[in-house]
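Chemist:
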Amino acid sequence: MIGKKEGVGQMALLASAFSYKGLTLKNRVVMPPMCQYSVDAQDGTPNDWHFVHYVSRAVGGAGLIIMEMTDVEPDGRISNRDLGLWSDEQIPAYARIVNEVHKYGAKIGIQIAHAGRKAEDAEVPVSSSPIRFQGDVYKTPRALTTEEVQQMVVKFAESARRAVEAGVDTIEIHGAHGYLIHQFQSPLTNKRDDQYGQDLALFGVEVVSAIKKVIPADMPLIMRISAVEYVDGGYGLEHSIELCRRYKEAGVDIFHVSSGGEGPIGSRGRPGIHPGYQVPFARAIRQTLEVPVIAVGKLDDAHVAEATLGNGDADLIAVGRGMLHDPYWAIHAIRELSGEVEIPQQYGPGFPKR
Numbered sequence: 025m026i027g028k029k030e031g032v033g034q035m036a037l038l039a040s041a042f043s044y045k046g047l048t049l050k051n052r053v054v055m056p057p058m059c060q061y062s063v064d065a066q067d068g069t070p071n072d073w074h075f076v077h078y079v080s081r082a083v084g085g086a087g088l089i090i091m092e093m094t095d096v097e098p099d100g101r102i103s104n105r106d107l108g109l110w111s112d113e114q115i116p117a118y119a120r121i122v123n124e125v126h127k128y129g130a131k132i133g134i135q136i137a138h139a140g141r142k143a144e145d146a147e148v149p150v151s152s153s154p155i156r157f158q159g160d161v162y163k164t165p166r167a168l169t170t171e172e173v174q175q176m177v178v179k180f181a182e183s184a185r186r187a188v189e190a191g192v193d194t195i196e197i198h199g200a201h202g203y204l205i206h207q208f209q210s211p212l213t214n215k216r217d218d219q220y221g222q223d224l225a226l227f228g229v230e231v232v233s234a235i236k237k238v239i240p241a242d243m244p245l246i247m248r249i250s251a252v253e254y255v256d257g258g259y260g261l262e263h264s265i266e267l268c269r270r271y272k273e274a275g276v277d278i279f280h281v282s283s284g285g286e287g288p289i290g291s292r293g294r295p296g297i298h299p300g301y302q303v304p305f306a307r308a309i310r311q312t313l314e315v316p317v318i319a320v321g322k323l324d325d326a327h328v329a330e331a332t333l334g335n336g337d338a339d340l341i342a343v344g345r346g347m348l349h350d351p352y353w354a355i356h357a358i359r360e361l362s363g364e365v366e367i368p369q370q371y372g373p374g375f376p377k378r
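Right, dumping it as structure tokens:
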């Protein structure tokens with residue numbers, strides 16, 4: 025990527041670099057994980073769609089790209105069209121994406137996960153407890169035995185090891201949106217009587233600790249968390265802050281703060297529909313635990329994203345649907361804010377000087 029300076033004006037915070045441990049990002053724009061449901065032959069391996077999808081956002085100026093939910097075993101996927109990283113044979117396909125993304129100055133991570141009871145195509149899904157998720161497509165899960173939970177921790181670590189071998193710059197653990205780790209950390213879905221029921225954070229803590237052992241010491245570990253559940257019997261911000269405290273102690277460096285995902289909306293309220301509706305959750309976790317956070321949720325207005333950084337609410341801004349709509353969202357947003365932007369030389373004619 026070749027620099028092209030346009031106009032004058034103060035550099036936007038969104039365009040400023042971010043560094044933590046061994047990770048340095050050229051700007052604060054994150055493409056969050058978003059399932060593409062585009063795997064061929066149901067083998068979990070990324071294909072040309074994924075290659076173009078992620079590389080185009082690197083060309084489009086994103087500082088960090090986090091590849092979509094990638095599961096630790098075949099039956100851990102939401103559907104059989106999802107990505108997986110349960111075999112060493114899958115590593116080269118991920119490495120191809122990583123290597124090309126790096127050519128355009130972006131960094132790239134991967135979200136390691138297991139869908140648990142929300143695995144739609146599993147013959148018998150597994151979970152913390154045998155409690156079915158709502159909806160006709162979901163089956164009643166089988167509760168993992170204590171030994172199987174411990175084996176699952178190893179599967180998370182093995183997937184992370186493969187991701188490191190593929191060359192990723194960071195790992196994100198999916199502890200949000202009602203998937204397996206979330207199912208263990210929620211009193212709504214964890215009714216176990218073993219140690220994993222007595223300590224709702226234990227499974228997540230063990231996953232964090234196991235992954236820390238297989239990633240480089242200077243690689244930041246990210247965890248996505250649902251800060252609140254909107255369901256009857258679900259948890260609130262106080263509970264999630266304590267979860268994050270435990271995860272931080274175990275080795276999480278950065279929290280990616282979302283919400284919801286564990287059931288039908290109940291009396292605890294509804295998620296917002298206004299820009300930045302989840303930002304207060306990110307701010308609370310950032311201030312309470314003094315950790316970097318990624319804010320996400322209707323932040324595709326460049327000025328709202330900039331204000332979130334300027335107010336000290338977050339360190340990084342994740343833009344999901346905005347980047348599905350516009351692969352070059354980062355370039356356009358930074359140009360709108362400051363008039364100064366780095367673009368590929370090949371696209372220069374499309375960005376005339378102001």
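My numbering numbers the first residue of the sequence shown as 25 and each following residue consecutively.
C-beta atoms are modelled at their ideal positions from N, C-alpha and C, and glycine is treated no differently.
Just so we're clear, the structure is a prediction, and the values are computed from it rather than from any experiment.
(1) Taking 6 Å as the limit between beta carbons, can you name the residues of its chain near residue 105, skipping five residues before and five after?
(2) Excluding five sequence neighbours on each side, which residues of the same chain lie with their C-beta closer than 6 Å to the C-beta of residue 85?
(3) Residue 131 lies in the beta strand (DSSP E); which residues open and close that run?
(4) Which whole-angstrom value is the C-beta distance of residue 226 and residue 211, which I expect to be below 8 Å?
(5) Which complete alpha helix (DSSP H) runs does the stretch 248 to 321 hold, if anything under 4 residues is left out?
(6) What do you reckon, are the CB atoms on residue 316 and residue 46 nearer than 8 Å?
(7) How far does the alpha helix (DSSP H) with residue 43 in it reach, from first residue to last?
(8) Just mark residue 110 as buried or exposed, buried being the case when its beta carbon has 16 or more other beta carbons within 10 Å.
(9) Give me the Cα-Cα distance between residue 285 and residue 373, rounded to the nearest whole angstrom.
(10) List the DSSP bridge partners of residue 107.
(11) Hey, would you say residue 97 sits closer than 8 Å to residue 163, going by beta carbons?
(12) Starting from the C-beta of residue 142, find all residues in its chain whose C-beta is less than 8 Å away, skip the five residues before and the five after it, and write them out in chain order.
(13) Please determine, among 132, 114, 126, the residue with the shortest C-alpha to C-alpha distance to residue 246.
(14) Would you call residue 249 buried or exposed, if buried means 16 or more other Cβ atoms sit within 10 Å of its Cβ?
(15) On a Cα-Cα basis, can you pick out the residue from 67, 77, 87 that is closest to residue 37?
(16) To the nearest whole angstrom, what separates the beta carbons of residue 274 and residue 229, a pair I think is in contact under 8 Å?
(17) Where do the ends of the alpha helix (DSSP H) carrying residue 347 lie?
(18) In the DSSP assignment, find the unbroken alpha helix (DSSP H) run with residue 68 in it and report its ends.
(19) Name, in chain order, the residues that DSSP records as bridge partners for residue 245.
(20) Between the stretch 118 to 129 and the stretch 188 to 196, do at least 3 Cβ pairs fall closer than 8 Å?
(21) Determine, using beta carbons only, whether residue 345 and residue 325 come nearer to each other than 8 Å.
(22) Using the C-alpha atoms, what's the distance from residue 341 back to residue 357?
(23) Taking 7 Å as the limit between beta carbons, can you name the residues of its chain near residue 159, skipping five residues before and five after?
(24) What does residue 187 pair with, by DSSP beta-bridge criteria?
(25) How about residue 213 and residue 153: are their beta carbons less than 8 Å apart?
(26) Measure the C-alpha to C-alpha separation of residue 76 and residue 70 and round it to an integer number of angstroms.
Modeler: Put simply:
(1) 61, 63
(2) 354, 355
(3) 131 to 137
(4) 14 Å between Cβ atoms; not a contact.
(5) 261 to 274, 303 to 313
(6) no
(7) It is not in any alpha helix (DSSP H) - residue 43 instead sits in the beta strand (DSSP E) that spans 42 to 44.
(8) buried
(9) 43 Å
(10) 94
(11) no
(12) 102, 149, 157, 162, 202, 203
(13) 132
(14) buried
(15) 87
(16) 5 Å
(17) 345 to 349
(18) Residue 68 -> no alpha helix (DSSP H), and no H or E assigned at all.
(19) 195
(20) yes
(21) no
(22) 12 Å
(23) none
(24) None; residue 187 has no bridge partner.
(25) yes
(26) 11 Å
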